[in-house]
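Enquirer: To get my numbering, take the position in the sequence shown, counting from 1, and add 21.
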Amino acid sequence: MLDEEFLKSFGFNLKMCRLKRGLTQAELGEKIDISEHRLSEIERGKCNITLKTVNKIANALNIASIRFFDFKD
Numbered sequence: 022m023l024d025e026e027f028l029k030s031f032g033f034n035l036k037m038c039r040l041k042r043g044l045t046q047a048e049l050g051e052k053i054d055i056s057e058h059r060l061s062e063i064e065r066g067k068c069n070i071t072l073k074t075v076n077k078i079a080n081a082l083n084i085a086s087i088r089f090f091d092f093k094d
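1. By alpha-carbon positions, which one of Ala85, Ile63, Asn80 ends up nearest to Phe33?
2. Given this structure, state the Cα-to-Cα distance separating Thr71 from Phe89, to the nearest angstrom.
3. Exposed or buried, Ile78, counting other C-beta atoms within 10 Å across all chains shown (16 or more means buried)?
4. Helix, strand or coil for Lys36 per DSSP?
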């Protein structure tokens, strides 16, 4: 998997988890102290994030971080 595909798949999974929890980008961003714009970039696969941020997002959504890495071919 190419880096770009990886980031897009990660971002898509994050978005689906966020929507399942009924949160907007602004609401989740507030919970993890990042801007709505930055969260939008992450969900679109436009930026790379740290594992620390992955963990913060997972905790805010009350899910295991591994869910973001479940890529279907």
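Glycine included, every Cβ here is placed at the ideal spot set by N, Cα and C.
Expert: With the given structure in hand:
1. Residue Ile63 is the option with its Cα nearest to Phe33.
2. So the two alpha carbons sit approximately 13 Å from each other.
3. By the 16-neighbour rule on beta-carbons within 10 angstroms, Ile78 is buried.
4. In the three-state DSSP reduction, Lys36 falls in the helix class (H, G or I).
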